[in-house]
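The listed protein sequences derive, respectively, from chains A and B. If you're matching positions, the first sequence starts at 328 in our numbering and goes up one per residue. If you're matching positions, the second sequence starts at 328 in our numbering and goes up one per residue. Glycine is no exception: its CB is placed at the ideal position from the N, C-alpha and C atoms.
There are 2 protein chains.
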Amino acid sequence: MEIADWRKKIDELDEQIVALLSARAAAAVAIGQLKSKTAAPIYEPQREQIVFDHVREANPGPLSGAQLQDVYERIMDVMRALQRPVSNTDSK
Amino acid sequence: MEIADWRKKIDELDEQIVALLSARAAAAVAIGQLKSKTAAPIYEPQREQIVFDHVREANPGPLSGAQLQDVYERIMDVMRALQRPVSNTDSK
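Here it is, written out as structure tokens:
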């Protein structure tokens with residue numbers, strides 16, 4: 328396969344990744360709404376550690392565990408922002 | 328659905344996201360090997376912009392385009408590191 332073929336494959340993978348990240352974000356919004364009803368904290372480091380451990384266990388490579396966690400730290404940052412009502416007015 | 332139910336759903340989504348990110352990483356490694364044969368640069372800002380535009384177009388929400396791009400900037404950072412031979416000895 329040439330570079331162009333691999334990039335076509337990457338573009339297809341990205342469409343699937345975006346769909347899954349969006350489903351994950353919708354679930355985070357739902358959790359945020361449930362948390363706001365009980366005044367539960369948005370940031371729960373114990374839960375975030377469970378997520379990191381889970382994705383590291385599921386990791387088949389070639390990304391290292393640290394690299395995968397780097398990606399997930401950004402995902403969790405963004406999901407946390409989405410759970411904060413003020414972030415919904417952020418139009419950047 | 329309760330928070331625990333949403334978290335179970337998130338864990339299932341994460342397993343799929345990890346599988347797709349790993350397939351994407353494997354494609355990036357293949358591209359890196361092709362690039363090394365032709366001494367092509369690892370960092371290609373034009374291609375990265377195409378990726379950002381593509382994922383923003385595919386984005387159904389609730390993440391904003393900027394939030395999705397934040398996640399993808401981290402993904403691209405990690406994939407670029409994976410294409411550099413020296414990063415393969417990084418055991419962190």
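If you drop the 5 nearest sequence neighbours on each side, which residues of the same chain put their C-beta closer than 6 Å to that of residue i?
| i | result |
| --- | --- |
| Glu371 (chain B) | none |
For residue i, which residues of its own chain have a beta-carbon under 7 Å away from its beta-carbon, when the five flanking residues on both sides are left out?
| i | result |
| --- | --- |
| Arg383 (chain B) | Gly392, Leu395 and Gln396 |
Using alpha carbons as the reference points, say which of the options lies closest to residue i.
| i | options | result |
| --- | --- | --- |
| Gly388 (chain B) | A:Val356, A:Leu361 and A:Leu390 | A:Val356 |
| Val405 (chain B) | B:Asn386, B:Asp380 and B:Ala353 | B:Ala353 |
| Asp341 (chain A) | B:Phe379, B:Asp332 and B:Leu390 | B:Phe379 |
| Ile330 (chain B) | A:Val345, A:Ala346 and A:Arg374 | A:Arg374 |
| Arg407 (chain B) | A:Tyr399, A:Met403, A:Glu400 and A:Leu390 | A:Leu390 |
Mind checking if residue i is an interface residue toward chain A, Cβ cutoff 8 Å exclusive?
| i | result |
| --- | --- |
| Ala354 (chain B) | yes |
| Thr416 (chain B) | Low confidence applies here, because Thr416 (chain B) scores a pLDDT of 46, under 50, leaving its location unreliable and the question unanswered by this model. |
| Glu375 (chain B) | no |
| Lys336 (chain B) | yes |
| Arg407 (chain B) | no |
| Gln343 (chain B) | yes |
| Pro372 (chain B) | no |
| Arg411 (chain B) | no |
| Gln394 (chain B) | yes |
| Ser363 (chain B) | no |
For residue i and residue j, I'd like the C-alpha separation in whole angstroms.
| i | j | result |
| --- | --- | --- |
| Gly359 (chain A) | Ile377 (chain A) | 18 Å |
| Asn415 (chain B) | Ala366 (chain A) | Residue confidence is low: Asn415 (chain B) scores 45 on pLDDT, short of 50, so the model does not pin down where it sits. Its coordinate-derived value is still stated next. Approximately 45 Å, taken between the alpha carbons. |
| Ile402 (chain A) | Arg401 (chain B) | 9 Å |
| Ala350 (chain B) | Glu339 (chain A) | 11 Å |
| Ala385 (chain B) | Lys364 (chain A) | 32 Å |
| Lys335 (chain B) | Arg334 (chain A) | 32 Å |
| Asp332 (chain B) | Met328 (chain A) | 42 Å |
Excluding the five sequence neighbours on either side, which residues of its own chain have a C-beta within less than 8 Å of the C-beta of residue i, listed in chain order?
| i | result |
| --- | --- |
| Lys362 (chain B) | Pro368, Ile369 and Gln410 |
| Tyr326 (chain A) | The displayed coordinates of chain A run from 328 to 419. Any statement about residue 326 (chain A) would go beyond what the structure contains. |
Would you grab the beta carbon distance between residue i and residue j for me? Rounded to a whole angstrom, and I think it's under 8 Å.
| i | j | result |
| --- | --- | --- |
| Ile337 (chain B) | Leu347 (chain A) | Not confirmed; about 10 Å, so no contact. |
Consider the Cβ of residue i: report whether some Cβ of chain B lies at a distance smaller than 8 Å.
| i | result |
| --- | --- |
| Ile402 (chain A) | yes |
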